[in-house]
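Participant:
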Amino acid sequence: MRLPRRRHLAVRLAVVGSAFMFFLFILQRDVSHREQATEKPWLRSLVSQKDHVLDLMLGAVNNLRDSMPKLQIRAPEPQQTLVSTNQTCLPGFYTPAELKPFWERPPQDPNSPGADGKAFQKKEWTLLETQEKEKGYKKHCFNAFASDRISLQRALGPDTRPPECVDQKFRRCPPLSATSVIIVFHNEAWSTLLRTVYSVLHTTPAILLKEIILVDDASTEEYLKEPLEQYVKQLQVVKVVRQEERKGLITARLLGASVAQAEVLTFLDAHCECFHGWLEPLLARIAEDQTVVVSPDIVTIDLNTFEFSKPIRRGRVHSRGNFDWSLTFGWETLPPHEKQRRKDETYPIKSPTFAGGLFSISKSYFEHIGTYDNQMEIWGGENVEMSFRVWQCGGQLEIIPCSVVGHVFRTKSPHTFPKGINVIARNQVRLAEVWMDSYKEIFYRRNLQAAKMAQEKSFGDISERLQLRERLHCHNFSWFLDNIYPEMFVPDLKPTFYGAIKNLGMDHCLDVGESNNGGKPLIMYTCHGLGGNQYFEYTTQRDLRHNIAKQLCLHASAGTLGLRSCHFTGKNSHVPKDEEWELTQDKLIRNSGSGTCLTSKDKKPVMAPATPVIPTNTGSSSRPQTTTCPALGGVPTSISGNRIWGNLMFENLIISFPVGLKNGFQTQWESRQELPTPCSHIGSIFLSSTLVDESIGTYNTWPRALLLSQKQTSKAEEAAGIGPRAMMLNSRKVSLQPHPASPDI
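Just so you know, the numbering used here puts 356 at position 373 of the sequence shown, and the rest follows in order with no gaps.
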């Protein structure tokens, strides 16, 4: 199709060319009779018109020439990389002499405590030393006694990074930008804070270190006031700025960024140590792409011994950041596609989320992307919020393996929250409302406190953050899950049932126990109504998941109940029979593989064999036989003439705020499926809702509902549209509420 078009254009060009030659002839003729033309005004006018037409014809020829397709008859010539004229950089690579650290480290005693990153060891302790150590643990949640006896300027031994990291060279063009290192502290131990500062001074090239900014978040310790001010004066590039009121990490970092003078901001925590060559790889990646937010490979400084976990030359297993549906940050090994993408250790690792404590970012990009949400308070959720925002708005998060920084990971925070720990949930609600779209409902099912805040709109004004998202033309959260974190398992947006599994007779709930990542036995524990270890979902795949952090499924094997990683992970996977559960219309839980029913005995969850029930004569000889679970354990409870023998009910923890309800309690029910092979009433599993007190706008997490047994609905009730009901219980009254979607209760 293209060849005839070219021939047609050639014919047109020939016609225009002929016309052009004709006008040239007229022009030449006009030149030979110039004198005559000047004598005759009419001829002068004709010549002028001819010149105008000639200009039009020349323009037409040029336009036609430009519109013709260009035939590439040879390879394009290589183009030289354009270097901005305002860059005053030399070609080639930085030399070791150019990258000398700001301060040379003083001579080290190899036998001193913790030398070369080794562990602090002490065999004999006096009473006073023991008391000092215990006091340090209580105050800082790490062994401050050990830290205080390790040199502030200790070395970390030889460079043990992979050879490609040790030998890595960095181009002068574009040049590496200098950085401002920002360290926020609040009542930090003197030794860990200053060891962090010295570590930066001894490992950072002088030409790349603009300043170290210590931001005090209203510390109360006297040694962090005037003594610190006087001490850092000798360190030349170190300065202290202060918040007089405790506002937290987020506001403190924004203060540090506002006074920073360098083109790149580097944030560190106040209990870190930097390894050889930690900064150059971070700055080099930003020089390549200003929209990349880079983190070092964070290794552990042991909180008890302060041993530095050095990198190894070969075979290191890398991790990247992730998150769970409670919006908690975590770590995971690299997926196969990310391992294959990386050719060696100099290649960055793309990470869905980052820890947020240690990272570098272009200051201009930090401001462009919206810095931090300044309405977030104290600490918590800001790293996940920034992770979503960077990816959804066109940036990238990367971990640079050749950059290694050690960090003291504490098991808990030693600091208080001025407004209580509710600020964490509030921060998480803000990020969910701005960035997660409809997926925020998955989070709210796992955090009732956050759900309550969202319903009450008690999370502050987010209009500016929503405007930021619109202004930056950010992607939606589905795009993030599909393109950045496709490995993330997405629970049902509307699961069949969710909440707690409650034993009616014992008034206890099924609980996974502490730190159960699968393999540990489950327990029965007092119902607390807060989700957490007692949260389960019955999914559309018919598995029972405890999926707040990991995707863990209940399974029945050899008559026992267990918890393990779910087999169904999405595409190309299925639910095995021992993880598949059936819920009857009476909400009894029955395992499809074993045919056993979930119940409890001696305050432990067990699987009990289902026994056949011969139906009474109803006039039909074809009615199928059903099964029942035996009455095991628990205190029998009489409810409307039936006996419930301490088995399990599914207690839905959804918060319902029905419009127009002024007083009392009401429930909200999920839609239900009719499932085959019902078990009997004894041991049945029921779904009820969290009780919501609309008069005060709160929800109750204690007594839920006494479920009435299946009964015949009166004609009057049918006419009124009431139907079967649950008895709602609180400290003031007992009332009946209709359950229109529950015809079998």
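In this text, a Cβ means the ideal position worked out from N, Cα and C, and glycines have one as well.
Just so you know, these numbers come straight off a predicted model, no measurement behind them.
1. For aspartate 150, count the other beta carbons within 10 Å of its own beta carbon; 16 or more makes it buried, fewer makes it exposed. Which is it?
2. Using alpha carbons as the reference points, say which of Ser241, Ser130, Ser421 lies closest to phenylalanine 291.
3. Quick check: the Cα distance between glutamate 212 and glutamate 171, rounded to an integer number of angstroms?
4. Name the residue from Ile344, Thr203, Val276, Ser160 whose alpha carbon lies nearest to the alpha carbon of tryptophan 173.
5. Could you check how far apart the C-beta atoms of glycine 377 and proline 335 are, in whole angstroms? I think they sit under 8 Å.
6. Could you pull the start and end residues of the alpha helix (DSSP H) that leucine 111 belongs to?
7. Of the choices Leu380, Ala102, Pro74, whose alpha-carbon is the least far from that of glutamine 273?
8. Evaluate the contact criterion for the stretch 312 to 320 versus the stretch 148 to 166: three or more CB pairs, one atom per stretch, below 8 Å.
9. With a cut-off of 8 Å on the beta carbons, I'd call valine 167 and proline 294 a contact; round off their distance for me.
10. Who pairs with alanine 591 in a beta bridge, going by DSSP?
11. Do you know how far the Cα of lysine 105 is from the Cα of phenylalanine 473?
12. Does the beta-carbon of phenylalanine 289 have 16 or more other beta-carbons within 10 angstroms, so that it is buried, or is it exposed?
13. For leucine 731 and glycine 514, which I take to be in contact (beta-carbon distance under 8 Å), what is that distance rounded to the nearest angstrom?
14. Report yes or no: do the stretch 332 to 348 and the stretch 357 to 375 share at least 3 C-beta pairs separated by less than 8 Å?
15. Going along the chain, which residues of its own chain have a beta-carbon closer than 8 Å to the beta-carbon of leucine 177, five neighbours each way excluded?
16. Going by DSSP in three states, leucine 192 sits in which element: helix, strand or coil?
17. Please tell me whether, using a cut-off of 6 Å, the distance from the CB of isoleucine 133 to the nearest non-hydrogen atom of the ligand HEM is below it.
18. Give the single residue among Phe258, Val223, Ser421, Gly140 whose Cα lies nearest to the Cα of phenylalanine 460.
19. So the alpha helix (DSSP H) phenylalanine 426 belongs to, where does it begin and stop?
20. Report yes if the C-beta distance between isoleucine 196 and serine 163 is below 7 Å; otherwise report no.
21. Per DSSP, what kind of secondary structure is phenylalanine 291 in: helix, strand or coil?
22. Would tyrosine 518 and isoleucine 531 qualify as a contact pair, given that the criterion is a beta-carbon distance under 7 Å?
23. For tyrosine 181, does the count of other Cβ atoms within 10 angstroms reach 16, so buried, or fall short, so exposed?
24. Alpha carbon to alpha carbon, how far is glutamine 219 from glutamate 117? Give it in angstroms, no decimals.
25. Where does glutamine 104 fall in DSSP's three states?
26. Under the rule that 16 or more other beta-carbon atoms within 10 Å means buried, what is alanine 541, buried or exposed?
27. Given this structure, state the Cα-to-Cα distance separating asparagine 555 from isoleucine 467, to the nearest angstrom.
28. Would you mind working out which of Thr509, Leu207, Leu535 sits nearest lysine 503, comparing C-alpha positions?
29. By alpha-carbon positions, which one of Ile190, Tyr521, Glu81 ends up nearest to glycine 482?
30. Since tyrosine 355 and isoleucine 165 should fall inside the 8 Å C-beta cutoff, what is the C-beta to C-beta distance between them, to a whole number of angstroms?
31. What residue does the alpha helix (DSSP H) around tryptophan 755 start on, and which one ends it?
Facilitator: Looking at the coordinates:
1. Your numbering for residue 150 matches position 167 in the sequence shown. Per the 10 Å Cβ criterion, exposed.
2. To locate residue 291, count along the sequence shown from 1; it is residue 308. Cα-wise, what sits closest to phenylalanine 291 is Ser130.
3. Taking the sequence shown and counting its residues from 1, one reaches residue 212 at position 229. Taking the sequence shown and counting its residues from 1, one reaches residue 171 at position 188. Near 15 Å, if we compare the C-alpha coordinates of glutamate 171 and glutamate 212.
4. Taking the sequence shown and counting its residues from 1, the one referred to as residue 173 is at position 190. Residue Thr203 is the option with its Cα nearest to tryptophan 173.
5. One-based indexing of the sequence shown puts residue 377 at position 394. One-based indexing of the sequence shown puts residue 335 at position 352. So it is not a contact: roughly 15 Å between Cβ atoms.
6. Along the sequence shown, one-based indexing puts residue 111 at 128. Per DSSP, leucine 111 belongs to the alpha helix (DSSP H) from 110 to 123.
7. Here residue 273 refers to the residue found at position 290 of the sequence shown. If we check each option's Cα against that of glutamine 273, Leu380 comes out closest.
8. no
9. Indexing the sequence shown from 1 puts residue 167 at position 184. Indexing the sequence shown from 1 puts residue 294 at position 311. In fact, because the Cβ distance is near 26 Å, the residues do not count as touching under 8 Å.
10. The sequence position of residue 591 within the sequence shown is 608, counting from 1. For alanine 591, which the question treats as bridged, DSSP gives the partners Cys580.
11. The residue given as residue 473 occupies position 490 in the sequence shown. The residue given as residue 105 occupies position 122 in the sequence shown. Correcting the residue type first, residue 473 is valine in the shown sequence and not phenylalanine. Going from the Cα of valine 473 to the Cα of lysine 105 covers about 49 Å.
12. In the sequence shown, residue 289 corresponds to position 306, counting from 1. So phenylalanine 289 ends up on the buried side.
13. An answer regarding residue 731 cannot be provided, because it is not within the stretch -16 to 728 covered by the chain.
14. yes
15. As a working mapping, residue 177 is identified with position 194 in the sequence shown. Leu135, Tyr214.
16. Start at 1 with the first residue of the sequence shown, and residue 192 comes out as number 209. DSSP places leucine 192 in strand when its eight states are reduced to three.
17. Ligands are entirely absent from the displayed structure, and the ligand HEM is therefore not among its contents.
18. In the sequence shown, residue 460 corresponds to position 477, counting from 1. That would be Ser421, whose Cα lies nearest to the Cα of phenylalanine 460.
19. Translated into positions along the sequence shown, residue 426 becomes position 443. Phenylalanine 426 -> alpha helix (DSSP H) spans 423 to 429.
20. Along the sequence shown, one-based indexing puts residue 196 at 213. Along the sequence shown, one-based indexing puts residue 163 at 180. Contact flag set, yes.
21. Residue 291 sits at position 308 when you count from the first residue of the sequence shown. Reduced to three states, the DSSP call for phenylalanine 291 is strand.
22. Along the sequence shown, one-based indexing puts residue 518 at 535. Along the sequence shown, one-based indexing puts residue 531 at 548. Yes, Cβ-Cβ distance for tyrosine 518 and isoleucine 531 is below 7 Å.
23. On the sequence shown, position 198 is the one that residue 181 refers to. With 16 or more Cβ atoms within 10 Å of its Cβ, tyrosine 181 is classed as buried.
24. The residue you call residue 117 lines up with position 134 of the sequence shown. The residue you call residue 219 lines up with position 236 of the sequence shown. Roughly 35 Å separates the two Cα atoms.
25. Position 121 of the sequence shown, counted from the start, is the residue given in the question as residue 104. DSSP places glutamine 104 in coil when its eight states are reduced to three.
26. For this step, residue 541 is matched to residue 558 along the sequence shown. It is exposed - the Cβ of alanine 541 has fewer than 16 other Cβ atoms within 10 Å.
27. Locating residue 555 in the sequence shown gives position 572, counting from the first residue. Locating residue 467 in the sequence shown gives position 484, counting from the first residue. One C-alpha to the other measures close to 20 Å.
28. Here residue 503 corresponds to residue number 520 of the sequence shown, with the count starting at 1. Of the candidates Thr509, Leu207, Leu535, the one whose C-alpha sits nearest the C-alpha of lysine 503 is Leu535.
29. Translated into the one-based positions of the sequence shown, residue 482 becomes position 499. Answer by Cα proximity: Tyr521.
30. Here residue 355 refers to the residue found at position 372 of the sequence shown. Here residue 165 refers to the residue found at position 182 of the sequence shown. 12 Å between Cβ atoms; not a contact.
31. Here the chain has residues from -16 to 728 only, and residue 755 is not among them.
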